[in-house]
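This report refers to the structure that appears directly beneath it.
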Amino acid sequence: MKQRERVARAKSARSTTPARLLAVGEQHMAPWRTLITAVHPHPSVKINHGATFLVTDQQGAIPSGSAGEYGLYSADTRFISRHELRLNGRRPDSVASVRLSFRHARWHMIADNISGPGGDMREARVAVTVDRLISLHQMHEDLALHTYARAPVTVLLEIALESDFADLFEVRYRSWQRRADLNTWWLGPNSLESRYQNQDFVRRCLIRTLTEAAGVTYANGALRIPIDLVPGKEWRICLQYDLLTADDELPALAERCAFASGEADPMRQARSWQLSVSHIEPADIRLQFAYERALEDFAALRLHEQEASFDRWMPAAGLPWFMALFGRDSLIASIQAMVAQPAVALGTLENLARWQSDVDDPERDAEPGKIPHELRVGEWAHFGIVPHRPYYGTADATALYLLLLAENFRWTGDAPALKPFQHAAERCLEWIDRYGDRDGDGFQEYAPRSPKGYRNQGWRDAHDGVLDEAGAFPDLPIGTSEMQAYVYGAKTRIAPLFEAWGDHARAAQLMTEAEALRRKFIEVFWLDASGELAFAIDGKKRAIPTVASDSGHCLWMGILDGERGRAAGRRLMQPDMFTGWGLRVLSDHHPSYDPHSYQRGSVWPHDSVIAAAGMRRYGLTEEAWTIMDGLLAAVMCFEDIQMPELFAGLPKSEFAVPVPYRMANVPQAWAAGSVLHMVRILLGLEPDMPAGRIYLDPALPAWCSRLELRKLRLGRHEVRLSVERRPDGQHAVDADTEGLEIIRGTPPWLEVGGE
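For the sequence shown, the numbering used here assigns the number 359 to the initial residue and increments by one for each residue that follows.
Written as structure tokens, this is what we have:
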């Protein structure tokens, strides 16, 4: 077995100040948190259960006509577009808010100088506690009021409500379409309904009180509730919001307050997830906090609308914009989550197989065997304003599906259990060879056929996410470097599963095809003149020399030989790419560089950690440490220690904290997954359950000299691994493996080949 060579970082001619790497044995003092405050243009509180979610301002309100994503959403529709509390005509001041779980938030508010009808209670103070709990297509709201006056006081509680039933795409793009019929009725005595209908598309919002409250009325767009508050006594009301998608739906009114109903299914599922996942005990407290937060984020992103069973589910891409079935995002996040819970992979594989295309439909960029990009159920998708029914404009999800299936086999060793996926796998391979490579040149390329489709269909799918070296849009079709690497990785890694299924000829054929792709990839994509990897090839088959982070994905898949791979890895660590927090997706030397843009110079944590995994594969261990150290320093600055989807690509030396991207999804699946991925990289953990083995090649940095992984699920086994870095840089391993063999070193499938 090949031993990784230790490679010194080469100095680049481009800069005299490359990223600094820690020397062997050098101690690193991790700075404590520097919390970013008041940086978001629209600070918010977000809670959700699946694709039902609430976004309010920090005061707990959904302000009327406000910018941003505020609202109560379900089924890709905003059901509540205004929700503001008033006491005697004034909004109380929120003095505290807390997210008690991903689906439960609480606000504490104060209203001073409340006067009664006679005007004699000017000094009265009223406290309001608001609890909100999200369930599938439903929200429960609990309001409790106290007075600290010396005598009873009468107040008028108003809840101003509006329902615009805007499609999620309208809110996201601030692009409003002409609306159809929208009506609101006060049904009395304690029931309010708003209804929207556009031909056969129906949305209804039903608001009812669970607790009896005398004198409730509705006027001027607000529920009005007169309340007699008595000192020392609590006044409480519970409201149930039902978010409905048909006229024949009428959910039962809860018999009692949701906060007194014991353990509901959603919390049971969340607790079951926490009990089922592996946990870590690292020397680095940043990794500890970020890992636990990432587990919570995965629980929040559980896509209940698409789950196959209680223990088979897939993660949505992110909150608030991508709470839907996704291909690429869910697949990569499931690969990242293998170290926490391999069972997530099965839910993702099952769901995406159900939506695998059977037809050739140019309007949706669909071809037989293709894995979908995104499924939407809102008004725009319903009427074809967007083609997401589902939309198949993703050039890499089909290869990523095979990679996840192969990963599941490595981690479980159960080929018979995966036999039902063989047909889906064969159709994926057929799509890759026939439709992914339409011109037969051996490379994967994309060009949208749908007039409403995405121009770019790799992971950088923004309209300006793929640019040539001059900042112009390359001619279509385009084949990015990582798309080729994913296919190479998919074919090499799925081959052993076909072997286990008894299809030896197919397995051998896949390995032959992969090797041919690798050689041709190096011939076309490697730029000898600059010693760098091309970003992509354009419609004229020209290699585009744009310096971008996609080469890190190529290292992850191992498509390059050792010498070129190490050169590509070192190039990523130059100051035009590495900010000190993470890797920019585009060099700051590029004419279109913008650190505040979506994909022209921002830092995407999943992208950076994938590159770190690739660097470890090519022996650039210290470079991998540097990237992970930067990201852990960054995540400690963000609120709730949540890794965001992306953040600005400003250099660490120019600003004290990482600068947020204004519309980043938080939580976000592959951002949370990037933290889980770090654990696997540090341990060098690669199971080979078909052979009953665990490959372990630990490389812990000085800033995390100890790492224990508990309750790791490998097939029917539960494993504990504990690694400690000694002063001489060697590693001691202590493990409970239930009879599995531990092999120290790199597994054969990760060894880097020669030219």
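Heads up, the beta-carbon is just placed ideally off N, CA and C, and yes, glycines get one too.
None of the values given here were measured: they were computed from a predicted structure.
Per-residue burial, residue i [other beta carbons within 10 Å of its own, 16 or more giving buried]
i, result
"glycine 383", "Unreliable positioning characterises glycine 383 in this predicted model, as indicated by a pLDDT of 44, which lies under 50. The coordinate reading is nonetheless provided below. By the neighbour-count rule (16 or more Cβ atoms within 10 Å), glycine 383 is not buried but exposed."
"isoleucine 895", "buried"
"threonine 756", "buried"
"aspartate 600", "buried"
"proline 1106", "exposed"
"tryptophan 769", "buried"
"threonine 435", "buried"
"threonine 575", "exposed"
"leucine 989", "buried"
"serine 630", "exposed"
"phenylalanine 779", "buried"
"isoleucine 917", "buried"
"lysine 728", "buried"
"phenylalanine 1013", "exposed"
"tryptophan 543", "exposed"
"tyrosine 439", "Residue identity check: residue 439 is serine in the sequence provided, not tyrosine. That one is buried."
"aspartate 965", "buried"
"alanine 866", "exposed"
"alanine 830", "exposed"
"aspartate 1094", "exposed"
"alanine 463", "buried"
"arginine 626", "exposed"
"asparagine 709", "buried"
"serine 1011", "exposed"
"histidine 1089", "buried"
"serine 907", "buried"
Residue closest to residue i, alpha-carbon to alpha-carbon, out of the options
i, options, result
"alanine 526", "Arg792, Asp489 and Leu677", "As written in the sequence, residue 526 is leucine, which differs from the alanine given in the question. Per the Cα distances, Leu677."
"arginine 747", "Glu732, Asp754, Asp1092 and Ala753", "Glu732"
"aspartate 772", "Thr850, Asn541, Gln867 and Pro1048", "Pro1048"
"glutamine 714", "Trp679, Gly751 and Trp962", "Gly751"
"glutamine 496", "His407, Asp826 and Tyr749", "His407"
"glycine 1103", "Arg975, Met1001 and Gly727", "Arg975"
"glutamate 1003", "Pro1009, Ser1011, Ala853 and Arg1020", "Arg1020"
"alanine 843", "Gln802, Leu825, Lys810 and Gly811", "Gln802"
"glutamate 827", "Arg924, His948, Asp719 and His911", "His948"
"proline 589", "Leu540, His504 and Arg537", "His504"
"glutamate 1109", "Val905, Leu1079 and Gly972", "Gly972"
"glutamine 598", "Ala969, Glu442, Ala739 and Glu499", "Glu499"
"isoleucine 472", "Arg1078, Arg461, Arg464 and Leu445", "Leu445"
"glutamate 650", "Met1036, Ala675 and Ala1060", "Met1036"
"leucine 1034", "Leu653, Asp719 and Arg614", "Leu653"
"alanine 848", "Cys912, Thr414 and Asp669", "Cys912"
"proline 1009", "Pro953, Arg922 and Leu1040", "Pro953"
Nearest-angstrom beta carbon gap, residue j and residue i [assumed within contact, 8 angstroms]
i, j, result
"leucine 1098", "glycine 1050", "6 angstroms"
"leucine 941", "tyrosine 951", "Wrong, their Cβ atoms sit about 13 angstroms apart, outside the cutoff."
"isoleucine 700", "arginine 722", "One detail in the question is off: residue 700 reads as proline in this sequence, not isoleucine. In fact, because the Cβ distance is near 32 angstroms, the residues do not count as touching under 8 angstroms."
"isoleucine 583", "leucine 519", "That belief does not hold up - the Cβ atoms of isoleucine 583 and leucine 519 are roughly 13 angstroms apart, past 8 angstroms."
"isoleucine 595", "alanine 571", "5 angstroms"
"glutamine 1000", "proline 1025", "6 angstroms"
"alanine 507", "glutamate 592", "Going by Cβ atoms, the distance from alanine 507 to glutamate 592 rounds to 14 angstroms, so no, they are not a contact pair."
"valine 486", "alanine 509", "Contact flag wrong, Cβ pair sits at about 19 angstroms."
"valine 735", "alanine 433", "5 angstroms"
Residue ranges of each alpha helix (DSSP H) within the region 780-845, 4 or longer
780-792
Meets three-Cβ-pair contact criterion under 8 angstroms: the region 684-699 and the region 526-537
no
Would you check if there are 3 or more beta carbon pairs closer than 8 angstroms linking the region 756-774 to the region 783-803?
yes
Three or more C-beta pairs below 8 angstroms linking the region 813-820 and the region 871-881
no
Flag this pair as touching only if the region 946-965 and the region 832-852 have three or more C-beta atom pairs under 8 angstroms; answer yes or no.
They do not touch, by the three-pair rule.
Could you pull out every unbroken alpha helix (DSSP H) segment of at least 4 residues lying fully inside the region 916-985, listed in chain order?
920-930 and 963-975
Per the contact definition of three or more C-beta pairs closer than 8 angstroms, is the region 629-642 in contact with the region 1061-1075?
yes
Is it true that the region 647-665 meets the region 1013-1030, where meeting means three or more beta-carbon pairs spaced less than 8 angstroms apart?
yes
Per the contact definition of three or more C-beta pairs closer than 8 angstroms, is the region 839-854 in contact with the region 879-894?
yes
Check whether the region 447-467 and the region 549-564 touch, using three or more Cβ-Cβ pairs below 8 angstroms as the test.
In the pairwise beta carbon analysis, the region 447-467 is classified as not touching the region 549-564: fewer than three pairs are separated by under 8 angstroms.
If you scan the region 519-576 from start to end, which runs of the alpha helix (DSSP H) of 4 or more residues do you find wholly inside it?
526-531
Between the region 978-985 and the region 925-932, do three or more beta carbon pairs fall short of 8 angstroms?
yes
Quick check on the DSSP output: what are the complete alpha helix (DSSP H) runs of length 4 or more inside the region 679-715, in order along the chain?
686-694 and 702-712
Those runs of the alpha helix (DSSP H) which lie wholly inside the region 994-1046 and span at least 4 residues:
1027-1041, all fully within the region 994-1046.
Note down, one range per segment and in chain order, each beta strand (DSSP E) of at least 3 residues found wholly within the region 576-659.
580-587, 593-602 and 637-640
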